[in-house]
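Chemist: Taking the working numbering, I'd label the letters of the sequence shown as residues 13 to 143.
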Amino acid sequence: MFSRTSSFTVLSRSCRYLLRPHNNIQRASFSLTSRSHAAINAAMADTSGITADSLKNKLTEVLQAQHVEVEDLSGGCGQAFQAVIVSPQFESKTMLARHRLVNSALKAEIAAIHAWTPKCYTPEQWQALQQ
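1) Measure the C-alpha to C-alpha separation of M135 and C89 and round it to an integer number of angstroms.
2) With a 10 Å radius around its C-beta and 16 neighbouring C-beta atoms as the bar for buried, classify E121 as buried or exposed.
3) Can V114 and P100 be called in contact, C-beta distance under 8 angstroms?
4) My understanding is that V98 touches A77, with C-beta atoms under 8 angstroms, so please give their C-beta distance in whole angstroms.
5) Going by DSSP, what residue range makes up the alpha helix (DSSP H) through A109?
6) Identify, in the order they occur along the chain, each residue of the same chain with its Cβ nearer than 6 angstroms to the Cβ of W138, setting aside the five sequence neighbours on each side.
7) Give the DSSP bridge partners of E83, in chain order.
8) Taking 8 angstroms as the limit between beta carbons, can you name the residues of its chain near G61, skipping five residues before and five after?
9) Tell me which same chain residues have a C-beta within less than 8 angstroms of the C-beta of A57, skipping the five on either side of it?
10) A95 and E81 look like a contact to me (Cβ under 8 angstroms); what is the Cβ gap, rounded to whole Å?
11) If I measure Cβ to Cβ from H220 and keep anything under 7 angstroms in the same chain, skipping five residues before and after, which residues do I get?
12) Helix, strand or coil for A77? Go by DSSP, reduced to three states.
Encoded structure:
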């Protein structure tokens, strides 16, 4: 039976080869440049590629919106947006129907982002809010 000391001694002797340098181990050398590229690639993998301007342009074009404000809430990575959309196409539509109209216009973009919050107004509602 081994005591604590003897088992530790045996273990430390058997692991000595781990502490010695070996010629067959190749060490990878990393430069600052390769690390920088890796960091950039990792950061780009986390972005959706969607911008506030691209959403604004598409909403203006598809919905003939008179006023569109799109804000990126994700700090620039394109994962969360909120928008104010003013369009005459929202006349006589419920809030749910307005959101469905906006979501159908941005179907591909919404699939690529994490959070989307539209606020849809008719021109008359928007004027009332501005006063």
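Where is the CB? At the ideal position from N, CA and C, for every residue including glycine.
Modeler: A quick look at the data gives this:
1) As a first step, residue 135 must be located in the sequence shown, where it is residue number 123. As a first step, residue 89 must be located in the sequence shown, where it is residue number 77. Residue 135 is actually Pro in this sequence, not Met. In a straight line, the C-alpha of P135 is about 31 angstroms away from that of C89.
2) Taking the first residue of the sequence shown as 1, we reach residue 121 at position 109. Buried, since its Cβ has 16 or more Cβ neighbours within 10 Å.
3) Counting from 1 along the sequence shown, the entry for residue 114 is found at position 102. Counting from 1 along the sequence shown, the entry for residue 100 is found at position 88. No, Cβ-Cβ distance for V114 and P100 is not below 8 angstroms.
4) Within the sequence shown, numbered from 1, the residue matching residue 98 stands at position 86. Within the sequence shown, numbered from 1, the residue matching residue 77 stands at position 65. Rounded, the Cβ-Cβ distance is 6 angstroms, consistent with contact.
5) The count along the sequence shown starts at 1 and reaches residue 109 at position 97. Per DSSP, A109 belongs to the alpha helix (DSSP H) from 107–117.
6) The residue you call residue 138 lines up with position 126 of the sequence shown. Contacts found: V98.
7) By 1-based counting over the sequence shown, the position of residue 83 is 71. According to DSSP, E83 bridges with Q94.
8) Working through the sequence shown from its first residue, we reach residue 61 at position 49. Closer than 8 angstroms at Cβ, skipping near neighbours: G90, A124.
9) Walking along the sequence shown from the start, residue 57 turns up at place 45. Interpretation of A57 is limited by its pLDDT of 45, a score under 50 that renders its predicted location unreliable; the figure taken from the coordinates is listed afterwards. Hits under 8 angstroms: none found.
10) In the sequence shown, residue 95 corresponds to position 83, counting from 1. In the sequence shown, residue 81 corresponds to position 69, counting from 1. 6 angstroms between Cβ atoms; contact.
11) Because the chain here runs from 13 to 143, residue 220 falls outside it and cannot be looked at.
12) Sequence index remark: in the sequence shown, residue 77 carries index 65 (1-based). A77 falls in the coil class under three-state DSSP.
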